[in-house]
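Throughout, my numbering is defined as the position within the sequence shown, counted from one, plus 437.
As structure tokens, the structure follows; a few thoughts come after it.
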Amino acid sequence: MSGVTDRAGAKYERALADYCHDAYGFPWDKAPLRGRRDRLDITGCLDYGWLIGAKAIHRGVAFGQRVSEAMTQCDAALVNVGRPAEPDRRGFLVVDSGRIVPFQVMQRSGYPIGKHYVVTQLDYMLRLATERAEADRAEGRNARRAVR
């Protein structure tokens, strides 16, 4: 990775952390570099049940490729915070995320940061949806439970 790319990524991470704090009051910050022990790019959010990464735009890299790499990083970050994982029959890593939802904020060229994309894997989103529906039902709100 080039120095220019590193600086663009670090600048985007800083902007994302500042936005989360300034616009919504979250006490989150840009995470330090951790090498192989990466927990994504924003620190302070794990207590809220999130792992948050930031992906700046890189010219010449297809968006789909960036998303795929970003989701692989989400799985690795979950493992780095101690979540159990094992490969499935096709060799894909399956991670039990528990109550943690990892996601990546993907820069959207020309838009303010609040309009950027947030991406996670379907299974992680569905676990969050199930948890929310169960909480709604427990509070007497009309939430339908998914049938398994």
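All C-beta atoms, glycine included, are put in the ideal place defined by N, C-alpha and C.
Between residue 564 and residue 534 a beta carbon distance of about 7 Å is seen, short of the 8 Å cut, so the two are scored as contacting. Non-local C-beta neighbours of residue 525 in its own chain, meaning closer than 7 Å and more than five positions away in sequence, comprise 531, ordered along the chain. Annotation: residue 531 is outside any alpha helix (DSSP H); the continuous beta strand (DSSP E) that includes it extends over 530-532. Exclusion of the five residues before and after residue 450 leaves 467, 478, 491 as the residues of its chain whose Cβ lies within less than 6 Å of its Cβ. Taking residue 456 as the centre and dropping the five residues before and after it, the same chain places the C-beta of 550 closer than 6 Å to its C-beta, in chain order. Taking 4 residues as the minimum length, the alpha helix (DSSP H) runs contained wholly in the segment 443-531 are 500-517, in order along the chain. The Cβ atoms of residue 518 and residue 473 lie no closer than 9 Å to each other. Sequence-distant partners of residue 512 (beyond 5 residues in either direction) whose C-beta falls short of 6 Å from its own C-beta, in its chain, are 530, 532. With 16 or more neighbouring CB atoms inside 10 Å of its own CB, residue 544 falls in the buried class.
Residue 446 and residue 499 do not touch by the CB rule: their CB atoms are close to 17 Å apart, not below 8 Å.
If you draw a straight line from the Cα of residue 521 to the Cα of residue 571, it is about 24 Å long. Judged by beta-carbon spacing, residue 464 lies within the 9 Å limit of residue 481, meaning their Cβ atoms are closer than that value.
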